[in-house]
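Heads up, my numbering is the position in the sequence shown plus 8, with the first residue counted as 1. Glycine included, every Cβ here is placed at the ideal spot set by N, Cα and C.
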Amino acid sequence: MRTPRKIAVITADTLSGLGLQGLLAAYFQPVETDVMTCTDDCRDMRYDCYFVSEEIFAASREWFSGVSGTVAVMCGKPESDNAGILDTSAPQHELIHAVRRFLGCGDGRQPVVEHHKELSAREVQVLKLIVSGAINKEIADRLSISFNTVLTHRKNITAKLGIKTVSGLTFYAMTNGYVSSDDTSAE
């Protein structure tokens, strides 16, 4: 018998929380799911996975960077297909598929590990400047590289991460510790 996964659903929307709890119980046994409205309710607990609303994630970003479990952010209309974002407005079959990918259950039986291609040091520098709001010409000037090289780095970042929007790249950079919320504020 498999050990149940401990999952926290953190959202101020009770209906969404209970709905996700029901979906997890119906399709992803064995799981133990706790639904709560704020991170204060789970600070002393350890979970394997966290499903959190985008509002609570934004307010508690620092706390989530220190948790050992994986985190998926729930939002209504995401701007990217980032693996860490769960589109709560998707049809049921797509939602189940997305949760299955997030939990690492390709066929529902065996965990699978997705390997993302790592960004090079230069691509990380370019990513940080993109997130800070710099345009391609500014990035080229700051890094002393050509404009075309900046375009190549941006293309490689998009290909490696599968994220096409600046807001999606910002979310990725914040959740992976490349930048903090202070780095993304407008100057």
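Exercise. Can you name the residues that DSSP bridges to Thr-41?
Worked result: Taking the first residue of the sequence shown as 1, we reach residue 41 at position 33. Within the DSSP bridge table, the entry for Thr-41 names Ile-15 as partners.
Exercise. Which whole-angstrom value is the C-beta distance of Ala-80 and Leu-103, which I expect to be below 8 Å?
Worked result: On the sequence shown, residue 80 is found 72 positions in, with the first residue counted as 1. On the sequence shown, residue 103 is found 95 positions in, with the first residue counted as 1. In fact, because the Cβ distance is near 11 Å, the residues do not count as touching under 8 Å.
Exercise. Which partner residues does Cys-57 have in the DSSP bridge list?
Worked result: Reading the sequence shown from its first residue, position 49 is the one you call residue 57. As computed with DSSP, Cys-57 is found in a beta bridge with Ile-15 and Thr-78.
Problem set entry | Three-state secondary structure (DSSP) of Asp-21 | Here residue 21 refers to the residue found at position 13 of the sequence shown. It is coil, neither helix nor strand.
Problem set entry | Residues bridged to Leu-94 [DSSP beta-bridge criterion] | On the sequence shown, position 86 is the one that residue 94 refers to. Answer is Met-82.
Exercise. Out of Arg-109, Lys-163 and Lys-136, which has the shortest C-alpha to C-alpha gap to Arg-150?
Worked result: For the purposes of this step, residue 150 is identified with residue 142 of the sequence shown, where counting begins at 1. Taking only the C-alpha atoms, the option nearest Arg-150 is Lys-136.
Exercise. Which class does Ser-233 belong to by DSSP, given the choice of helix, strand or coil?
Worked result: Outside the displayed span of the chain (9 to 195) sits residue 233, for which this structure offers no information.
Exercise. Does DSSP put Thr-173 in a helix, a strand or coil?
Worked result: On the sequence shown, position 165 is the one that residue 173 refers to. Correct three-state label for Thr-173: coil.
Exercise. Run through DSSP, which three-state label would Cys-46 get?
Worked result: As a first step, residue 46 is located in the sequence shown; it is residue number 38 there, counting from the start. In this structure, DSSP gives Cys-46 a state outside helix and strand, which the three-state scheme calls coil.
Exercise. If you draw a straight line from the alpha carbon of Ser-61 to that of Lys-145, how long is it in whole angstroms?
Worked result: Sequence index remark: in the sequence shown, residue 61 carries index 53 (1-based). Sequence index remark: in the sequence shown, residue 145 carries index 137 (1-based). Rounded to the nearest whole angstrom, the C-alpha separation of Ser-61 and Lys-145 is 36 Å.
Exercise. With DSSP run on the structure shown, which of helix, strand or coil describes Arg-51?
Worked result: By 1-based counting over the sequence shown, the position of residue 51 is 43. If DSSP states are grouped into helix, strand and coil, Arg-51 belongs with coil.
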